Amino acid sequence: MRPYTYAQARSVREALRGAGPDTAFLAGGTTLVDLMKLEVVTPERVVDINRLPLDGVTLDHKGLHIGALERMSDVAAHPAVRQHYPMIAQALELSASAQLRNMASIGGNLLQRTRCGYFRDVTTPCNKREPGSGCSALDGINRGHAVLGTSDACIATHPSDLAVPLVALSTTVHLASPRGTRSVPLDTFYTLPGSTPDVENVLRPDELITGITVPRSPWAARSLYLKVRDRQSYEFALTSAAVALELQGRTITNARIAAGGVGTRPWRLTAVERALTGRPATPATFEAAVTHAADGAQPREHNAFKPALLRRTLVRALTELQESR
Amino acid sequence: MPRSQVGRDTDRVDGRLKVTGAAEYSGDYRAADLAHAHLVTSTIARGTITSIDPAAALASPGVLRVYAAPESRLALYEVTGQAAGFTENYLPLKSDVVRFHGQAVAMVVAETPEQARDAAALVTVTYDAQPPRTSIADEPHVPAGPTISGAPSSLEILAPGVGSIDAALAASDVVVEAEFHQNVQHHVGMEPHAILAVWDGDQVTIHAGAQIPGPYALAMAQRLGILPQSVRLITRYVGGGFGARVVLWSDTPLAAAAARELGRPVRLVLTREQMFTLTGHRSHLTQTVRLGASRQGVLNAVSHRSVAERPTTIAFTMTPAHSTSDALYRTPNLHVDAQVAVLDIPGSRAMRGPNEAPGAFALETAMDELAVATGVDPVTLRLRNQATAHPATGLPWSSKHLDECYRLGAERFGWAGRSATPRTRVDGQWLYGTGMATAIYPAHRRAGVVARVRLLDDDTAVVSTATSDLGTGSATMVAISGADALGIPVQRVTPEIGDTLLPPGAPAVGSSGTHATVPMVVDAARNVIAELKRLAVTADRSPWHGAAVEDLRYERGILHGLGHSLTFGRLLTTIGSPGIYKESAPGGQPVPGYVHHSFGAHFCEVRVNRFTGETRVTRFTTVADVGRVINAKAARSQLVGGVIFGIGHALLEENHLELDTGRLASSTLADYLVPVNADVPDIDVVMLDRPDPVLTGPLGDGSEDVGTGSLGARGLGEIGTVGSAAAIGNAVYNATGIRVRDVPITLDKLIDHL
Ligand SMILES: Cc1cc2nc3c(=O)[nH]c(=O)nc-3n(C[C@H](O)[C@H](O)[C@H](O)COP(=O)(O)OP(=O)(O)OC[C@H]3O[C@@H](n4cnc5c(N)ncnc54)[C@H](O)[C@@H]3O)c2cc1C
Ligand code: SF4
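Chains as they are written, first to last, in our numbering: chain V, -5 to 319; chain L, 69 to 822.
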């Protein structure tokens, strides 16, 4: 770890004062401190934001509002989340471990960094960590890496489970900076790696996430998050699916679908949504709808199974949702 | 009246200390004026160091020293003779040669661990790199040489008139040929390797986790250039060995040499990342098994070949057919062969069931394929081919109840109703299947083990031997067998282990700790009781003064005779002795003319998701024939732990060696997956508890009054690991019809065929 200064901020304004590229905001610390120990990130200033009033989980006619500093475990346990947005609670509970979920915040979760092993090993080339140094994963061990949204510069998977249902449900992220506040759809908050994989989102160095809003919708209550991985617990997803369906009788009138573990950012699958809409909720519909889910995928040596696994994950998630009423 | 605890459930003597955190592991020991070390490791696999710049590290706060290759100030020496087998073949930080990715190239010592670690990151190293040799497929293969036990690693036995193993196979009605691969596996004990070295003049005390304290200390003495008696090794609590703490790696000598050079105690704790390259692994491996049999499945030929890695610095010779294919089934034609390829890879070492776990995976999977090919039930097939004499040597077993393991296991598991046709049991999204496999593990007897039993005047006893408890419960075993031999409650026996000042103890390897230790404890107890009687008839104040030893009878801690009865404590008090002790004779080799193995049978059920292909183990039954059971509770947890190892082997554990860099891809427990609780079903374990009539102990004076209830034990630390992965793979086949011969069986190997 490199030496840094530490300060506790009591207001958003205080936290943002003087914030720049060398500043890191400390929430639960489960990503930040880890990466500081590995010297993957080496901030000069660490501003502890845990005292900021960015908490609260509320439900109103607009939707579900979650403060950036709410802990993963508290959000997962919240009755409104469980009842109206089950896949958000499921995605949280399938993440990390109980101890980590007690520490980790919602804002931090959305900003967690990739689990690419080369990114975390400072002795190997990595464009995300050190722009221009190369990407070790392209010809390295890339079983966990992304197949969608990749570039020649980076194929790192976005690791957050929570972000997957949030993207499916058109969540908005609220940001604050010395210039004021703004709100950005989560889907466009994340950027593709392109030739600048070190840039992962539109957040500016002097900007904080203050909270998120998940719109109210008739389909969110009928939703499911499925996470597929080698071991049954305490592992990131090989693939995951957030699926939400609105039905009239047996007909799907609205679908929201996103996938995790396959993309360089949480991957909304609007084509699958369209293919489901207006069709009966049957295995044949599900099978047909997912055929193009992984179109454009760019598999590499060890993750060539992901396009097929993605399609299978989606069918399984839709089937489970359909059977779960 | 105390009853013997042998074979019952006994809580660990140190359980409370461990769960409350009071037990001190190597990294917990403190010393005045302690300095802390941190290693810098190489980022190439082969080549030379061209420069190391310590300036920034030296300028960093709290830094005391930077020791750097090629010529650090540390005094380290070659290890020769027998001890050389217990350590690596190069001197760390003493040359510019890089032999593997992750080798120590510098060490920073500072006032705090954080200062040392942060400064270590500032050391810059430049290299002249050469392409590393990394492929066991492409590098030349050479014979592996003798196995660890000295047996040849290659063997061919042919029936009269048969020209070659290939001819025997060609003449068989049914032939199964299968190739198996597995990647590098790691021990990943919970406790990272930690060393505290404290010098006092030319004497050094080392706190470190070590599985074989004696040879470890001996190798250490040579490495430091001091006399063997100048090294005291303390290894009281150890957070998992699994083979990673057998040899003296570079970490301990570096810490001790730094402490000497600096004139201060030094502690070195490896990071989890460093554990992956500096403390050994199980070699990756390719195996080919060919079985020839009659249509009824009676074996006519067994051939088992393997190719493993031979690291340049230290290599565990992989002979996976040894104690599996050369021991398990009756066959007139047998051929086993082990080859290795020299690679620039971190040193490899034995890992729980070192040869036998991979070997049994291959053999027992092939046997399942033979069952499928012949239509014979897998249990019947194995019973049909049971060996009554050891195939490789023709010798009888000291004790073997494998048939009972199969029968009892099949009954408990409910094997009878099984459908042999794959993919016939479906429950919703899940395909169900069952599989079974055999477990076999040699019972190595280690010579030279000595135990000491001390009787104290407060009616307690101390049993001492320098073995090591890796978390397995050996300290408790020592207490139980001492209590049994003395006929007193376990609570009145204090076990003393893990210190080279004690009499030489059993190595905690090869599942040998218990059966090498117990007979020596019994022998020492016998000797100390004889001494007690001698004192009783000679000591002035003894009520038996002047009587004959034959007039005395020792029973359950009490001497009786001539109308008097006194506990040993009372007698010692009466005669004014605080205590007496005696040692056992050194343990000998087992009785010649027998082979010794433990056996077992695994049965399991898995389910495989028909959409996404994850395999989950849902039921597991293991029946084991391990000789006498000393502590049923610890034995069960060893077997359960062994099966969990098997779940990891079958479904999760692997590290990829990057062929162009020689770097092992995983170095964290997030990337190197071991089973978590959610992956482990209830595991039903039964031990037959049949004492081995041959593996007893050195015969004492034959006095009938010393308990021998603890004799006849064989080992059980590894046998749960052997065969369990094959049982899982066979169940996956039964569930899906897909045969996966490359472990781990991950979903990507299944989904295209589901
Ligand atoms: C072993 C392990 C397993 C895990 N498994 C999973 C898993 O299965 N699924 C999963 O989704 N996640 C998993 N995680 C990741 C975990 O969920 C994240 O580390 C956690 O959510 C981050 O939240 P935090 O509050 O600790 O963030 P911190 O570490 O405090 O911060 C993370 C980053 O976000 C920035 N930041 C934090 N809050 C704000 C804010 N309000 N505004 C602006 N910037 C901010 C920080 O500066 C930092 O750069 C795992 C983590 C570990 C260590
Ligand atoms: S995939 Fe991205 S994060 Fe991983 S090594 Fe390549 S550039 Fe770095």
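Quick reminder that beta carbons are idealized off the backbone N, C-alpha and C, glycines included. Note that the coordinates shown come from a computational prediction; the quantities given were computed from them, not determined experimentally.
Determine, using beta carbons only, whether residue i comes closer than 8 Å to chain V.
i             : result
residue 744/L : yes
residue 806/L : no
residue 679/L : yes
residue 352/L : no
residue 203/L : no
residue 684/L : yes
residue 449/L : no
residue 734/L : yes
Hey, does residue i have any beta-carbon neighbour from chain L nearer than 8 Å?
i             : result
residue 107/V : no
residue 134/V : yes
residue 310/V : yes
residue 14/V  : no
residue 117/V : yes
residue 231/V : no
residue 40/V  : no
residue 98/V  : no
residue 316/V : no
residue 54/V  : no
Give the C-beta separation of residue i and residue j to the nearest angstrom, bearing in mind that I take them to be a contact with Cβ-Cβ under 8 Å.
i             : j             : result
residue 284/V : residue 308/V : 4 Å
residue 825/L : residue 303/L : In the structure as shown, chain L starts at 69 and stops at 822, and residue 825/L therefore has no counterpart that could be examined.
residue 655/L : residue 514/L : 7 Å
residue 693/L : residue 730/L : Between residue 730/L and residue 693/L the Cβ distance is about 43 Å, and since that is not below 8 Å, they are no contact.
residue 105/L : residue 323/L : 6 Å
residue 816/L : residue 248/L : About 18 Å; that fails the 8 Å criterion.
residue 427/L : residue 388/L : 3 Å
residue 803/L : residue 676/L : 5 Å
residue 376/L : residue 240/L : Going by Cβ atoms, the distance from residue 376/L to residue 240/L rounds to 27 Å, so no, they are not a contact pair.
residue 467/L : residue 762/L : 7 Å
Any heavy atom of ligand 1 closer than 7 Å to the CB of residue i?
i             : result
residue 96/V  : no
residue 66/V  : yes
residue 102/V : yes
residue 106/V : yes
residue 183/V : no
residue 212/V : no
residue 160/V : no
residue 83/V  : no
residue 22/V  : yes
residue 199/V : no
residue 16/V  : no
residue 153/V : yes
I want to check one thing, is the minimum distance from the CB of residue i to the heavy atoms of ligand 2 below 7 Å?
i             : result
residue 130/V : yes
residue 25/V  : no
residue 112/V : yes
residue 147/V : yes
residue 191/V : yes
residue 724/L : no
residue 122/V : yes
residue 139/V : yes
residue 150/V : yes
I'd like to know whether the C-beta of residue i is nearer than 8 Å to at least one C-beta of chain B.
i             : result
residue 307/V : Reference to chain B is not applicable here, since the protein chains of this structure are V and L.
Go through the stretch 104 to 168 of chain V residue by residue and report every complete run of the alpha helix (DSSP H) that reaches 4 residues or more, in order. 157 to 162
Length-filtered (4 minimum) alpha helix (DSSP H) runs lying within the stretch 161 to 245 of chain L: Secondary structure in the stretch 161 to 245 of chain L: the alpha helix (DSSP H) runs of 4 residues or longer, each lying completely within the stretch, are 181 to 188, 233 to 238 in chain order.
Quick one: complete beta strand (DSSP E) runs, 3+ long, within the stretch 628 to 676 of chain L? 632 to 635, 647 to 651
Going residue by residue through the stretch 248 to 306 of chain V, where are the continuous alpha helix (DSSP H) segments of at least 4 residues, counting only ones entirely within it? 264 to 270, 277 to 283
Fully enclosed by the stretch 356 to 397 of chain L, which beta strand (DSSP E) runs are 3 residues long or longer? 367 to 379
Enumerated in chain order, which unbroken segments of the alpha helix (DSSP H) with a length of 4 residues or greater are wholly contained in the stretch 67 to 110 of chain V? Counting whole runs of 4 or more residues, the stretch 67 to 110 of chain V contains the alpha helix (DSSP H) stretches 73 to 78, 80 to 87, 92 to 97, 100 to 104.
Any chance you could list the beta strand (DSSP E) runs of at least 3 consecutive residues sitting entirely within the stretch 673 to 721 of chain L, in chain order? 683 to 693
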